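Just so we're aligned, residue 372 is where the sequence shown starts under the numbering used here, counting upward by one. Only one structure is covered here, and it is reproduced in the block below.
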Amino acid sequence: MKSGSNTGEIHRLPHPKFGRPVLFMIDKEGNPFELMKIEQGQKRSIFVGDSVVSDPGAILLFLPVHPLFLILPLLEESKETFLSLDQLFDESPLKLLSNSEKLLKALPLVTECEESKGAKKFRLNEDQLVSWLKIKFASLKEAVRTNVLSVGGRGDVFLDHYSMGILSDYLTPSTDKLLRSHLLLNKEDEIKEYSLIDTSTRKRAFQQPKKIVPTKKRPSKFAQVATTGMQSLRTFFGKKPNE
C-alpha cells in the first residue's frame, strides 16, 4: 500500500491456490492485500521504528498480492475461449479487481488478445504465463537471497526450493505443476528443512469478523510508523518487472 494510505474495504475473495474464501483488503486502485494473522507462539520481539516491542501478541498484516494471481483460476477455466473482462469475471466476486491498473497491464503478458466489436478479449497462453511467472520467481529468489538472513550462504538449489515454496502458495495445482516442470523443480524433492520460516502461527483470515468493537485508547509501544522504505518479502507480488 502506498505510504500514508490506510483506506480500503475488506472483502472475502477466493484464494487462488485452494479456492476457499479468505479476507482481502481492496484499495482504491483495485489492488488486493491479503489479511494474515501471526498468532502468539513462542516469545518474540519485533522492531517498530527504532523501538523494540517484546511479546507483541497476535499481529495482523496486510500483504500485497499481484491481482493477476487471484484471477489465474478464472483464466485457466476458460483457457480455450477468448473472453472480455465482463465475460471473464461474470458474477465472480473477483470483479472488484477489474479496474486494477496492475491487472490490466499484466493481462496482455499472459494472454493472447483479440479485438471484437471494439472490445478486447483475452485467452490464457501457457507459454506467456510461464515466462511471466519465471520473472516473478527470479525476483522473489533475489529478495530471499538479500533479505532472509537464515538462507545466507546457501546454494541455488536451496534458494530455488525455498522461493518456489513461497510462490506456489498463490498458484493453482495445475499452474504449480507447470512452472515446476519448466524450472526442473520436483515437489517431491522439497526437503522440510528448506522451509526455515516458522509458519505454524501464521494463519489466513478465513472468516469475516462479526463486529469490530472500538476499544479505548491506551498507551502503547506501537507508535504510528511511516511505511516509506519498509519492504516485505512478498512485495514482489505487487511489482511490475518488465510490465
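We put the CB at the ideal spot given by N, CA and C, even for glycine. None of the values given here were measured: they were computed from a predicted structure.
- Cβ pair S471, L445 closer than 8 Å: Position 100 of the sequence shown holds residue 471. Position 74 of the sequence shown holds residue 445. The answer is no: Cβ separation not under 8 Å.
- Answer yes or no: do I409 and L432 have a C-beta to C-beta separation smaller than 8 Å? Here residue 409 is taken as the residue at index 38 of the sequence shown, counted from 1. Here residue 432 is taken as the residue at index 61 of the sequence shown, counted from 1. Going by C-beta atoms, I409 is nearer than 8 Å to L432.
- Query: My guess is that L550 and V519 are in contact by the Cβ rule of under 8 Å, so how many angstroms apart are they, rounded?
  - Reply: Taking the sequence shown and counting its residues from 1, one reaches residue 550 at position 179. Taking the sequence shown and counting its residues from 1, one reaches residue 519 at position 148. At roughly 21 Å, the Cβ-Cβ gap does not stay under 8 Å, so L550 and V519 are not in contact.
- Determine which residues share a DSSP beta bridge with A490 and list them. Mapped onto the sequence shown, residue 490 falls at position 119. In the DSSP output, where bridge partners are listed per residue, A490 has S487.
- Are the region 473-488 and the region 522-538 touching, with three or more C-beta to C-beta distances below 8 Å? no
- Query: By the 10 Å Cβ neighbour count, where 16 or more other Cβ atoms means buried, how is D426 classified, buried or exposed?
  - Reply: As a first step, residue 426 must be located in the sequence shown, where it is residue number 55. So D426 ends up on the exposed side.
- Task: Could you spell out the range, first to last residue, of the beta strand (DSSP E) harbouring H382?
- Result: The residue given as residue 382 occupies position 11 in the sequence shown. E380 to P385 is the extent of the beta strand (DSSP E) around H382.
- Quick one: what's got a C-beta closer than 8 Å to L465's C-beta in the same chain, skipping five residues either side? Taking the sequence shown and counting its residues from 1, the one referred to as residue 465 is at position 94. Here the set comprises L384, P385, L441, I442 and L445.
- Would you kindly report the start and end of the unbroken beta strand (DSSP E) that includes L445? Here residue 445 refers to the residue found at position 74 of the sequence shown. Element bounds for L445: not the beta strand (DSSP E) but the alpha helix (DSSP H), P438 to E448.
- Query: T482 by DSSP, collapsed to three states: which one?
  - Reply: The count along the sequence shown starts at 1 and reaches residue 482 at position 111. The answer is strand: DSSP assigns T482 an E or B state.
- Query: Is F389 buried or exposed, if buried means 16 or more other CB atoms sit within 10 Å of its CB?
  - Reply: To locate residue 389, count along the sequence shown from 1; it is residue 18. Exposed, since its Cβ has fewer than 16 Cβ neighbours within 10 Å.
- Query: How would you write the range of the alpha helix (DSSP H) that L456 sits in, first residue to last?
  - Reply: In the sequence shown, counting from the first residue as 1, residue 456 sits at position 85. First-last of the alpha helix (DSSP H) with L456: L456 to F460.
- Message: Quick check on the DSSP output: the alpha helix (DSSP H) that includes F453 runs from which residue to which?
- Response: Counting from 1 along the sequence shown, the entry for residue 453 is found at position 82. No alpha helix (DSSP H) contains F453, which DSSP labels as neither H nor E.
- Query: Exposed or buried, what is V423 when buried is set at 16 or more other beta-carbons lying within 10 Å of its beta-carbon?
  - Reply: On the sequence shown, position 52 is the one that residue 423 refers to. Result: exposed.
- Message: What does DSSP give as the partner residue(s) for F395 in the beta ladder?
- Response: As a working mapping, residue 395 is identified with position 24 in the sequence shown. Answer is H382 and E405, bridged to F395.
- Message: Using the three-state DSSP reduction, which class does K423 fall into: helix, strand or coil?
- Response: Translated into positions along the sequence shown, residue 423 becomes position 52. Reading off the sequence shown, one finds Val at residue 423, where the question assumed Lys. Strand, per DSSP.
- Output the boundary residues of the alpha helix (DSSP H) element that contains Y541. For this step, residue 541 is matched to residue 170 along the sequence shown. That residue, Y541, is in no alpha helix (DSSP H); it is neither H nor E in DSSP.
- Over what stretch of residues does the alpha helix (DSSP H) that includes F508 continue unbroken? As a first step, residue 508 must be located in the sequence shown, where it is residue number 137. From DSSP, the alpha helix (DSSP H) with F508 extends over E497 to N518.
- Query: How many Å lie between A429 and I537 at the Cα?
  - Reply: For this step, residue 429 is matched to residue 58 along the sequence shown. For this step, residue 537 is matched to residue 166 along the sequence shown. Using only the alpha carbons, I get a separation of about 22 Å.
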